[in-house]
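Read the structure below first, then the notes.
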Amino acid sequence: MSIIVSSIGQGLLWAVLGVALFLTFRILNFPDMTVEGSFPLGAATAVAMISHGIDPYLATLAAFVVGAIAGLVTGLLYTKGKIPILLVGILVMTAALSINLRIMGSANISLLNQKSIFSSPLLQHLPKNFDSVFVGFIIITIITLALIFFLQTELGQSFIATGDNANMAQSIGIKTDRMTIMGLMLSNGLIAFGGAVIAQNNGYADINMGIGIIVIALASIIIGEVAFGDLSLNGRLVAVIVGSILYRLVLLAVLSLGFSTNDLNLISAIVLAVAMMLPQLRKALKLDTVIKKGVATHD
Amino acid sequence: MTEPVFSLKDIIVTVGDNIQILKSLNLDIYEGDFITVLGTNGAGKSTLFNTIAGNLSIDSGQLLHHGHSIAHDSAVTRTNYIARVFQDPKMGTAPHMTVAENLLLAEKRGQKRTLRNRGLTKEKLNEYAKITQVMGNNLDTRLNTATGNLSGGQRQALSFLMATRVKPELLLLDEHTAALDPKTSEQLMLATNEQVTKNQLTALMITHNLADALKYGNRLIILNAGDIVLDVRGQDKSDLNEADILKYFIA
Numbered sequence: 478m479s480i481i482v483s484s485i486g487q488g489l490l491w492a493v494l495g496v497a498l499f500l501t502f503r504i505l506n507f508p509d510m511t512v513e514g515s516f517p518l519g520a521a522t523a524v525a526m527i528s529h530g531i532d533p534y535l536a537t538l539a540a541f542v543v544g545a546i547a548g549l550v551t552g553l554l555y556t557k558g559k560i561p562i563l564l565v566g567i568l569v570m571t572a573a574l575s576i577n578l579r580i581m582g583s584a585n586i587s588l589l590n591q592k593s594i595f596s597s598p599l600l601q602h603l604p605k606n607f608d609s610v611f612v613g614f615i616i617i618t619i620i621t622l623a624l625i626f627f628l629q630t631e632l633g634q635s636f637i638a639t640g641d642n643a644n645m646a647q648s649i650g651i652k653t654d655r656m657t658i659m660g661l662m663l664s665n666g667l668i669a670f671g672g673a674v675i676a677q678n679n680g681y682a683d684i685n686m687g688i689g690i691i692v693i694a695l696a697s698i699i700i701g702e703v704a705f706g707d708l709s710l711n712g713r714l715v716a717v718i719v720g721s722i723l724y725r726l727v728l729l730a731v732l733s734l735g736f737s738t739n740d741l742n743l744i745s746a747i748v749l750a751v752a753m754m755l756p757q758l759r760k761a762l763k764l765d766t767v768i769k770k771g772v773a774t775h776d
Numbered sequence: 139m140t141e142p143v144f145s146l147k148d149i150i151v152t153v154g155d156n157i158q159i160l161k162s163l164n165l166d167i168y169e170g171d172f173i174t175v176l177g178t179n180g181a182g183k184s185t186l187f188n189t190i191a192g193n194l195s196i197d198s199g200q201l202l203h204h205g206h207s208i209a210h211d212s213a214v215t216r217t218n219y220i221a222r223v224f225q226d227p228k229m230g231t232a233p234h235m236t237v238a239e240n241l242l243l244a245e246k247r248g249q250k251r252t253l254r255n256r257g258l259t260k261e262k263l264n265e266y267a268k269i270t271q272v273m274g275n276n277l278d279t280r281l282n283t284a285t286g287n288l289s290g291g292q293r294q295a296l297s298f299l300m301a302t303r304v305k306p307e308l309l310l311l312d313e314h315t316a317a318l319d320p321k322t323s324e325q326l327m328l329a330t331n332e333q334v335t336k337n338q339l340t341a342l343m344i345t346h347n348l349a350d351a352l353k354y355g356n357r358l359i360i361l362n363a364g365d366i367v368l369d370v371r372g373q374d375k376s377d378l379n380e381a382d383i384l385k386y387f388i389a
């Protein structure tokens with residue numbers, strides 16, 4: 478039971494990444510690799526600040542700002558520098574590796590005996606593992622509500638239009654470069670924020686913690702889409718959160734088969750690949766017709 | 139003598155290896171002009187539009203808006219007063235957004251887009267039902283449909299409505315009916331004419347349909363090899379026939 482609670486907690490915490498990536502990957506139509514750099518960047522920023530005695534809440538917000546700056550760099554290189562999308566992300570991600578080492582001073586910093594957002598007295602009264610469920614739920618609820626509000630504003634609609642049809646957006650006066658940069662800043666800010674929260678939950682920041690992040694975040698988006706199909710934009714954001722939890726439960730199931738945590742990246746990749754192929758498989762194997770036949774009444 | 143709204147003076151536009159697409163082109167556009175633009179492929183019609191809209195920069199000459207140079211204004215800045223409808227139905231609308239959402243976006247042309255709620259109210263939807271009804275193609279019943287699911291004709295009608303939602307000082311119609319079947323094309327052309335005339339819009343309309351070029355508009359220009367070879371208005375335009383026009387089509 479407690480292991481399932483733990484998975485739900487992880488799912489809620491990691492959902493921040495899925496929702497953040499949704500902004501660029503789905504709305505802006507921009508496969509942003511920067512996230513593999515901004516995630517550990519956020520973790521490094523927060524953990525380094527906390528270990529220097531800075532308030533953990535302030536450190537977590539600072540991580541957002543630093544991540545947004547990474548997004549700004551990606552955005553400027555892409556819109557003004559005209560560097561291809563994928564390459565831009567890889568450049569900033571690679572550069573972030575060195576910056577993370579500078580910030581941390583070593584490849585790994587522990588938060589042992591340091592305060593974090595998980596050490597508030599209120600959380601100590603909760604049963605084991607419920608602290609991450611509680612914190613994760615509050616954070617993802619606030620972020621999702623804020624995004625739902627934002628996407629319904631004039632600015633949010635212009636942002637959506639930029640990703641949907643940049644040509645049309647420009648023809649009605651939307652500054653698409655600015656919208657792209659804003660989306661990348663918001664997305665990477667949230668990813669770094671997520672990195673800060675997850676590092677505090679783990680109790681350390683590690684230079685390699687960004688590896689495979691994009692696959693994990695994508696998995697929650699795709700699993701949510703495969704599970705729920707056609708939804709409104711707001712519904713799709715919620716589906717990402719549920720997808721993130723489902724993904725953790727799938728991992729849990731796979732690990733219980735005897736795989737080790739070293740296999741996680743391989744398993745993540747396979748889960749994502751299968752989820753992405755599901756619509757094709759469904760068609761090829763005629764699963765729908767088989768299922769329909771199975772439940773149809775005989776005449 | 140009234141001042142022209144837009145004035146092109148000795149405009150030269152070159153591409154690639156010094157190939158002149160527009161050769162010292164002169165054109166004054168006055169308020170209320172509904173100009174049909176004819177010319178063979180490569181005559182410079184699209185280049186003329188891209189130059190006015192700001193997608194192409196000019197090599198020499200002057201581009202004036204109420205007497206002020208706009209040659210250095212970006213295309214996005216110029217959308218404050220210039221609106222455009224493209225030939226390709228996919229170009230002018232956001233496919234995953236609904237008809238109403240697209241109209242709402244277009245309504246903010248020339249304004250700052252802020253963190254105010256977009257304001258898609260019941261009153262707005264009723265208003266949109268009214269303005270889409272005039273296009274006569276059931277667009278009014280599909281306000282909450284994603285535009286990607288509309289027919290080409292409906293999408294072009296929507297593009298037209300979006301371009302004119304905020305009255306532009308100049309409307310550029312770039313063969314906006316060319317990708318449609320003959321019946322739909324005619325229907326959109328009639329609706330276009332009605333709206334342009336009723337709202338006294340100033341418009342340039344590229345077409346390859348000689349009959350349309352003669353029938354619609356109050357002024358007609360023919361481009362050939364990067365320059366205007368015929369510019370007629372009013373009675374002179376009405377007196378033209380297709381045979382007259384073809385004489386100007388020199389490859």
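In order, the protein sequence lines correspond to chains E and W.
With the first sequence counted from 1, adding 477 to any position gets you the numbering used here.
With the second sequence counted from 1, adding 138 to any position gets you the numbering used here.
No residue lacks a Cβ here, since even glycine has one placed at the ideal position from N, Cα and C.
If I measure Cβ to Cβ from residue i and keep anything under 7 angstroms in the same chain, skipping five residues before and after, which residues do I get?
i, result
"Leu723(E)", "Ile700, Ala704"
"Ser212(W)", "Gly192"
"Gln591(E)", "Ile527, Ser528"
"Tyr168(W)", "Thr140, Pro142, Val143"
"Leu160(W)", "Ile149, Ile150, Val151, Gly182, Thr185, Leu186, Thr189, Gly364"
"Tyr266(W)", "Ala238, Leu241, Leu281"
In the structure shown, what three-state DSSP assignment does residue i receive?
i, result
"Met659(E)", "helix"
"Thr302(W)", "helix"
"Leu309(W)", "strand"
"Phe611(E)", "helix"
"Val175(W)", "strand"
"Thr140(W)", "coil"
"Leu318(W)", "coil"
"Ile562(E)", "helix"
"Lys147(W)", "strand"
"Asp776(E)", "Any reading at Asp776(E) must be qualified, since the residue scores a pLDDT of 45, below 50, and its modelled position is unreliable; the value itself is stated next. Asp776(E) falls in the coil class under three-state DSSP."
"Leu489(E)", "helix"
"Asn585(E)", "strand"
"Lys652(E)", "coil"
"Lys605(E)", "coil"
"Gln158(W)", "strand"
"Ala284(W)", "strand"
"Ala341(W)", "strand"
"Leu378(W)", "coil"
"Asn193(W)", "coil"
Taking residue i as the query, report the chain E residues whose CB atoms sit under 7 angstroms from its CB, ordered along the chain.
i, result
"Arg256(W)", "Gln629, Thr630, Glu631, Gln634"
"Met273(W)", "Those within 7 angstroms of Met273(W) in chain E number zero; the least Cβ separation is about 18 angstroms."
List the residues of chain W whose Cβ lies closer than 7 angstroms to the Cβ of residue i, in chain order.
i, result
"Gln647(E)", "Ala213, Val214"
"Lys652(E)", "Val214"
"Leu638(E)", "Reading the sequence as shown, one finds Ala at residue 638(E) and not Leu. Neighbours of Ala638(E) on chain W, chain order: Ala232, Met235, Leu243."
Could you name the residues that DSSP lists as bridge partners for residue i?
i, result
"Lys268(W)", "According to DSSP, which records beta bridges pairwise, Lys268(W) is partnered with nothing at all."
"Tyr724(E)", "In the DSSP output, where bridge partners are listed per residue, Tyr724(E) has none listed."
"His206(W)", "His203(W)"
"Val370(W)", "Leu358(W)"
"Ser198(W)", "Ile150(W)"
"Asp365(W)", "Asn362(W)"
"Asp166(W)", "Ser145(W)"
Just the chain E side, please: which residues come within less than 8 angstroms of residue i by C-beta, in chain order?
i, result
"Leu186(W)", "Those within 8 angstroms of Leu186(W) in chain E number zero; the least Cβ separation is about 17 angstroms."
"Pro100(W)", "What is shown of chain W runs 139 to 389, which leaves residue 100(W) out entirely."
Between residue i and the rest of its own chain, which residues show a CB-CB distance below 6 angstroms, the 5 nearest in sequence each way excluded?
i, result
"Gly372(W)", "none"
"Gly486(E)", "Asn606, Ser609, Val610, Gly613"
"Pro756(E)", "none"
"Ile560(E)", "Leu554"
"Pro533(E)", "Ile527, Lys592, Ser593, Ile594"
"Ser515(E)", "Gly544, Ala547, Asn665, Ile668, Ala669"
"Gly199(W)", "Lys147, Asp148, Ile149, Ile150"
"Met645(E)", "none"
"Glu307(W)", "Val143, Tyr219"
"Asp509(E)", "Thr501, Gly566"
"Asp776(E)", "Residue confidence for Asp776(E) is low, a pLDDT of 45 falling below 50, so the modelled location carries little weight and cannot support an answer."
"Trp491(E)", "Ser721"
"Gln292(W)", "Asn275, Leu277"
"Ser483(E)", "Asn606"
Sorted by chain position, which residues of the same chain lie with C-beta nearer than 8 angstroms to residue i's C-beta, five sequence neighbours on each side aside?
i, result
"Thr302(W)", "Ala221, Leu309, Gln333, Asn337, Leu339"
"Ala349(W)", "Glu380"
Which chain E residues are close to residue i, counting only those with a beta carbon under 9 angstroms from its beta carbon?
i, result
"Lys246(W)", "Glu631, Gln634, Ser635, Ile649, Gly650, Ile651"
Compute every distance between the C-beta of residue i and the non-hydrogen atoms of the ligand MN, then say whether any falls below 7 angstroms.
i, result
"Val237(W)", "In terms of ligand content, the structure shown is empty, and the ligand MN therefore cannot be addressed."
**OP:** Return the chain-ordered ranges of every alpha helix (DSSP H) run that is complete within the stretch 498-558 of chain E and spans a minimum of 4 residues.
**Re:** 512-528, 533-556
**OP:** Run through the stretch 666-732 of chain E for me and flag every whole alpha helix (DSSP H) of 4 or more residues, listed as ranges in chain order.
**Re:** 690-705, 710-732
**OP:** Could you pull out every unbroken alpha helix (DSSP H) segment of at least 4 residues lying fully inside the stretch 216-263 of chain W, listed in chain order?
**Re:** 237-244
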